[in-house]
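Q: Numbering (the numbering used here), first residue to last: 108 to 293.
The beta-carbon is built from N, C-alpha and C at its ideal position, and this holds for glycine as well.
In this text the structure is predicted, and so the values were computed from the model without any measurement.
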């Protein structure tokens, strides 16, 4: 029996030596795959309580605060700011919310225009060009504050659309790197 065990151990050792390159190659591939998987997971941000303000707001609105002196204080309810947009016969008037710039307002004006005048031939790259064109032509170099309004004429939007359709492939390729950063354009 001991002789049989030694014989099996010898065969296994011989097989291991013959297939050592294959075994090492498999281990290297597994290590590379694990590294790629680990790297791809590193870019995803974990969902924590701090990163979800909607949950915090709900909690704060539902639970009253009890102070040390025994008084109960209801949390103040904050007003929600709504994004407002007005359409006149000849223009879209966009009102800035906190953190928005002229590009955001131009994007919103274009979206409102395309709701009423659909154009399926516009790619995200065309829309990036149109936003930038509108931002530059809408006038006003002053800084925007919440509540500031910018007017985008419908003729200016039409002009921007027609100019965007005249872009060549190299220009569209250049705009692609910006278009991928704005998922709402797709």
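Flag this pair as yes or no: are the beta carbons of residue 322 and residue 234 separated by less than 9 Å?
A: Past the edges of the chain, shown from 108 to 293, lies residue 322, and the structure says nothing about it.
Q: Can you tell which of 281, 229 and 270 has its C-alpha closest to the C-alpha of residue 241?
A: Counted from its first residue, the chain shown places residue 241 at position 134. Among 281, 229 and 270, the Cα nearest to that of residue 241 is on 270.
Q: Buried or exposed: where does residue 231 fall if 16 or more other Cβ atoms within 10 Å of its Cβ makes it buried?
A: Position 124 of the chain shown, counting from 1, holds the residue named residue 231. The residue is buried, with at least 16 neighbouring Cβ atoms inside 10 Å.
Q: When you compare the CB positions of residue 217 and residue 203, do they come within less than 9 Å of one another, or not?
A: The sequence position of residue 217 within the chain shown is 110, counting from 1. The sequence position of residue 203 within the chain shown is 96, counting from 1. Taking 9 Å as the Cβ cut-off, residue 217 and residue 203 do not qualify as a contacting pair.
Q: Bridge partners for residue 116 per DSSP, in chain order?
A: The residue given as residue 116 occupies position 9 in the chain shown. In the DSSP output, where bridge partners are listed per residue, residue 116 has none listed.
Q: Residues in the same chain with beta-carbon distance under 6 Å from residue 165, minus the five sequence neighbours each way, listed in chain order, please.
A: Stepping through the chain shown from its first residue, residue 165 is reached at position 58. For residue 165, the predicted model reports a pLDDT of 41, less than 50, meaning its position is unreliable and no value from the coordinates is stated.
Q: Taking three-plus beta-carbon pairs below 8 Å as touching, is the segment 193 to 200 in contact with the segment 252 to 265?
A: Flag = yes, the segment 193 to 200 and the segment 252 to 265 touch.
Q: With a 10 Å radius around its C-beta and 16 neighbouring C-beta atoms as the bar for buried, classify residue 237 as buried or exposed.
A: For this step, residue 237 is matched to residue 130 along the chain shown. Buried is the call here.
Q: In whole angstroms, what separates the C-alpha of residue 123 from that of residue 137?
A: In the chain shown, residue 123 corresponds to position 16, counting from 1. In the chain shown, residue 137 corresponds to position 30, counting from 1. In a straight line, the C-alpha of residue 123 is about 19 Å away from that of residue 137.
Q: Sort out for me which residues DSSP pairs residue 201 with in a bridge.
A: For the purposes of this step, residue 201 is identified with residue 94 of the chain shown, where counting begins at 1. 192 and 257, per the DSSP bridge assignment.
Q: Check each candidate in 226, 141, 210 and 251 and name the one with the smallest Cα separation from residue 289.
A: In the chain shown, residue 289 corresponds to position 182, counting from 1. Ranking 226, 141, 210 and 251 by Cα distance to residue 289 puts 210 first.
Q: Counting C-beta neighbours from all protein chains within 10 Å, is the total for residue 129 16 or more, i.e. buried, or is it exposed?
A: For this step, residue 129 is matched to residue 22 along the chain shown. Under this definition residue 129 is an exposed residue.
Q: Determine the closest residue to residue 192 out of 221, 256, 280 and 144, with distance taken between C-alpha atoms.
A: Your numbering for residue 192 matches position 85 in the chain shown. Answer by Cα proximity: 256.
Q: Taking all protein chains shown into account, do 16 or more other C-beta atoms lie within 10 angstroms of the C-beta of residue 267, making it buried, or fewer, making it exposed?
A: Mapped onto the chain shown, residue 267 falls at position 160. That one is buried.
Q: So what does DSSP say about residue 243, is it helix, strand or coil?
A: The sequence position of residue 243 within the chain shown is 136, counting from 1. Helix.
Q: How many angstroms separate the CA atom of residue 117 from the CA atom of residue 147?
A: On the chain shown, position 10 is the one that residue 117 refers to. On the chain shown, position 40 is the one that residue 147 refers to. Each residue's Cα considered, the two are about 43 Å apart.
Q: Based on Cα-Cα distance, which residue from 145, 278, 249 and 121 lies nearest to residue 208?
A: By one-based count along the chain shown, residue 208 stands at place 101. The candidate whose alpha carbon is nearest that of residue 208 is 249.
Q: Give the straight-line distance between the Cα atoms of residue 113 and residue 125, rounded to the nearest whole angstrom.
A: Mapped onto the chain shown, residue 113 falls at position 6. Mapped onto the chain shown, residue 125 falls at position 18. Approximately 18 Å, taken between the alpha carbons.
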